[in-house]
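Accompanying notes for the structure given below.
Residue numbers (the numbering used here): 129 to 524.
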């Protein structure tokens, strides 16, 4: 394929940009902007909240005619606002916006609170609506701008694609994990600690363990990202284009070594989040597997009387009880607490081993690194062939 046909180029560029979004790296799009790329994709969500707020002024304190008037006014407010914004932008009044800038965002935040004031409700309701809309905009921006939903979907799919590698890695790590965690599981002090800790402190301890593992991964992310984005030649880049929209694009005429514009801060953050999400889901899978194992083991071998004895006579707190094979199967809160704490510690140990041990790293990190290199290879050719002159990457 060549770049001779501008129509084909435009279509291919669009397909590539959609591919970036599906892969969870929308900030790889050239001149990625909030007004044209982020809030336009979030238009259905913003419209939903706008309409919901506009017609939500129905109140039991108002007569029926007033509630009907409120709903009609709300719908009319939506239509009039959209029409005025479109006319201000020089678009037909009925068209879906192709850009959503400060004017549209200001209307989203400020117009719905007008109805509570019109219908005589207190100003606190209007202020609360404004604050809520600001929070909605912030959440929508973060989720859509960084492609968190497609990023998570891709990471989950990646887990299933790598299931054999993850399972093999877990099997390799299992002997050490079992030796370490089994000692904790049959230790009375472990059960005593797990049941004595107040709920808030217990949750804080679990969060501390998770944050520690997350920080350990985050510290290594810059190195992983730099390694994934480095190529020695365009022929090496071309090898990673298989299965992408740019497969067969060719790299003829591109001068070695590949030099692409430096990634900006948000672009680097986008890649780091994708890497972090993929690894986190894999670690979460292993952690949940360990939790389930110890819950099942505890149901079979650690009876409520034993738990009470280990915890100094405390009630284990029966959560569920049923009969299987003519025996009572009892799930206790103490068992769930102990299994969750042990699984969290095992997950932290697994994280450290997977990221530091050379043998583990090959199966835990390399597949994700290969996927990242594909992203970077597509970005390199995309920018070399399609980037517009001037600033590259994101503008938001």
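Think of the CB as a built atom: it goes at the ideal place given N, C-alpha and C, for glycine as much as any other residue. Note that the structure is a prediction, hence the values are computed from the model and not measured.
For residue 448, the uninterrupted beta strand (DSSP E) segment begins and ends at 446–452. Contact check for residue 459 and residue 427: beta-carbon distance about 6 Å, within the 8 Å limit, so the pair qualifies.
Between residue 349 and residue 400 a beta carbon distance of about 5 Å is seen, short of the 8 Å cut, so the two are scored as contacting. By the Cβ-count criterion, residue 360 is exposed, with fewer than 16 other Cβ atoms from all chains shown falling within 10 Å of its own Cβ. Boundaries of the alpha helix (DSSP H) harbouring residue 398: 393–429, taken from the DSSP string. Across the structure, residue 331 and residue 466 are spaced so that their CA atoms are roughly 12 Å apart. Annotation for residue 273: 166 place their beta carbon closer than 6 Å to its own, counting only its chain and skipping 5 residues before and after. Around the beta carbon of residue 162, a 10 Å sphere encloses 16 or more other beta carbons of the protein chains shown; the residue is thus reported as buried. Check the Cα spacing between residue 270 and each of 456, 509 and 154: the tightest is with 154. Pairing residue 475 with residue 461 gives a Cβ-Cβ distance that is not under 7 Å. For residue 369, the closest C-alpha among the options 239, 498 and 403 is that of 498. Counting other Cβ atoms within 10 Å of its Cβ, residue 341 reaches 16 or more and is therefore classed as buried. By the neighbour-count definition (other C-beta atoms within 10 Å, threshold 16), residue 354 is an exposed residue.
Contact annotation, residue 464 with residue 447: C-beta distance approximately 7 Å; criterion of less than 8 Å satisfied. With at least 16 other beta carbons inside 10 angstroms of its own, residue 501 counts as buried. In the DSSP annotation of this structure, residue 314 is not part of any alpha helix (DSSP H), being labelled neither H nor E. Taken in chain order, the unbroken stretches of alpha helix (DSSP H) that lie wholly in the segment 317–381 and span 4 residues or more are 327–356 and 362–367. Note that the segment 138–149 does not touch the segment 207–219; fewer than 3 beta-carbon pairs, one per stretch, sit closer than 8 Å. The residue from 450, 164 and 422 with its alpha-carbon nearest to that of residue 319 is 422. Taken through DSSP and simplified to helix, strand or coil, residue 439 comes out as coil. Under the three-state reduction of DSSP output, residue 274 falls in the coil class, being neither helix nor strand. Put simply, the backbone Cα of residue 392 is about 26 Å away from that of residue 381. Within the same chain, and ignoring the five residues on either side of residue 468 in sequence, the residues whose Cβ sits closer than 8 Å to its Cβ are 334 and 419.
In this chain, residue 153 is not harboured by any beta strand (DSSP E), its DSSP state being neither H nor E.
Straight across, the Cα-Cα distance linking residue 173 with residue 308 is about 48 Å. Following the DSSP letters along the chain, one finds residue 459 inside the beta strand (DSSP E) bounded by residues 455–460.
Spanning the alpha carbons of residue 314 and residue 432 requires a straight line of approximately 14 Å. Taking 7 Å as the cut-off, the Cβ atoms of residue 242 and residue 409 do not count as close. Note that the C-beta distance between residue 415 and residue 471 is below 7 Å.
Looking only at 262, 200, 509 and 352, the smallest Cα-Cα distance to residue 362 is reached by 509. For residue 225, there is no enclosing alpha helix (DSSP H), as DSSP gives it neither H nor E. Setting aside the 5 residues that flank it on each side, residue 264 is surrounded in the same chain by 177, each with a C-beta closer than 6 Å to its C-beta; the list follows chain order.
Per DSSP, the unbroken alpha helix (DSSP H) holding residue 237 starts and ends at 230–238. Just measuring C-alpha positions, the residue of 266, 291, 171 and 397 sitting nearest residue 232 is 171.
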